[in-house]
Amino acid sequence: MVTQTSVQKATAIRFGSGKLEVGATVGTLADVGAIRNATFAREFEKVEIMSDNADRIAAGIRDHFAFIEFDMLEIDMSKLSVIMGGLDTYATVNGTPVAVVDEPITLNGTDAVRLANKEGDGTEAASIVVTNAAAVAAVRNTDYVISVDASGYTTIARVAASAKLTDGGIALIDYSYTPNASVTLKSGGNTTIADKVVRITNTNAAGKTLQITAYKASIDEGWSYDFPADDAYEVGMVHIKMKARIDTTRTVGDQLFAIVDEQGV
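So the sequence shown is residues 1 to 265, counted in the UniProt record's numbering.
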């Protein structure tokens with residue numbers, strides 16, 4: 001075999017898919033989860049000003065857009081509601097409260113650790129009581145702190161100065177939570193679509209990322225869900241197409257999307 005050239009920059013050869021996130025802002029991005037067929041494309045119309053006797057005077061573009069498409073394998077109605085930008089109404093229906101007794105949590109340093117169960121509406125678990133392995137009660141904000149993470153799980157972290165909860169020791173947590181019995185997604189009547197930030201991040205084996213962020217994207221078309229045959233050994237998917245447009249509140253030259261590449265350096 002005759003080779004025509006050699007690899008010029010091996011780090012510029014990319015492998016793998018990526019994590020896709022959507023949110024109202026960069027700080028509120030939520031992971032959409034398992035996807036297929038993710039693509040990013042930019043489009044514009046080239047325009048030229050021509051003369052009759054001196055060739056082209058100028059060239060430029062108009063209608064500069066970017067498109068992000070993917071198939072959702074995890075049909076999470078809360079994430080789908082975010083993607084739809086306010087066209088749909090998402091709600092949860094409470095199930096029966098569940099009491100948890102002496103859930104063991106290992107507290108290392110001051111790292112936050114999730115409780116095993118979450119409130120259906122993503123709020124803090126109720127009736128939290130914390131003791132150490134010797135059954136001595138710990139005090140909130142003195143021995144430990146409670147918070148809720150971005151996924152709606154209640155977390156506990158040891159306070160560094162705590163004498164009752166030791167670094168690396170086990171805390172026993174009593175609490176109650178109310179799971180969702182169901183969720184609903186209702187639509188019809190809303191006609192305004194809110195813009196979202198969309199981000200695709202590919203991480204290679206060395207932990208380096210290739211990240212594309214579209215600043216002002218919104219759903220560009222409706223979607224359908226096909227129910228696969230029971231014996232098809234396939235999953236149902238929802239195809240999503242989002243269109244990003246110019247965000248005039250940003251600096252010129254940085255109004256549509258940004259690509260940050262650690263892999264090709």
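Each residue gets a CB set at the ideal place from its N, CA and C atoms; glycine is no exception. Since this is a predicted model, take the numbers as computed values, not measurements.
In angstroms with no decimal places, state the Cα-to-Cα distance between residue i and residue j.
i: residue 264; j: residue 42; result: 21 Å
i: residue 241; j: residue 118; result: 31 Å
i: residue 317; j: residue 181; result: Residue coverage of the chain in this structure runs from 1 to 265, which leaves residue 317 outside it and unanswerable.
i: residue 140; j: residue 150; result: 21 Å
i: residue 23; j: residue 55; result: 47 Å
i: residue 17; j: residue 76; result: 20 Å
i: residue 121; j: residue 83; result: 19 Å
i: residue 245; j: residue 53; result: 36 Å
i: residue 210; j: residue 223; result: 28 Å
i: residue 26; j: residue 134; result: 44 Å
i: residue 88; j: residue 11; result: 42 Å
Starting from the C-beta of residue i, find all residues in its chain whose C-beta is less than 6 Å away, skip the five residues before and the five after it, and write them out in chain order.
i: residue 164; result: 132, 136, 138, 143
i: residue 124; result: 148, 154
Excluding the 5 residues preceding and the 5 following residue i in the sequence, name in chain order all residues of the same chain whose CB lies nearer than 7 Å to its CB.
i: residue 192; result: 86
If I measure Cβ to Cβ from residue i and keep anything under 8 Å in the same chain, skipping five residues before and after, which residues do I get?
i: residue 301; result: The shown model of the chain, from 1 to 265, leaves out residue 301, and the question about it has no answer.
i: residue 39; result: 67, 68, 69, 70
i: residue 232; result: none
Residue i bridges to which residues according to DSSP?
i: residue 225; result: 238
i: residue 72; result: 35, 238
i: residue 126; result: 176
i: residue 250; result: DSSP output for residue 250 lists no bridge partner at all.
i: residue 49; result: 58
i: residue 90; result: 185
i: residue 43; result: 65
i: residue 162; result: Residue 162 pairs with nothing; no bridge assigned.
i: residue 15; result: None, per the DSSP bridge assignment.
i: residue 23; result: 197
Quick check: the stretch 211 to 218 against the stretch 172 to 181, are there 3 or more CB pairs under 8 Å? These segments do not touch.
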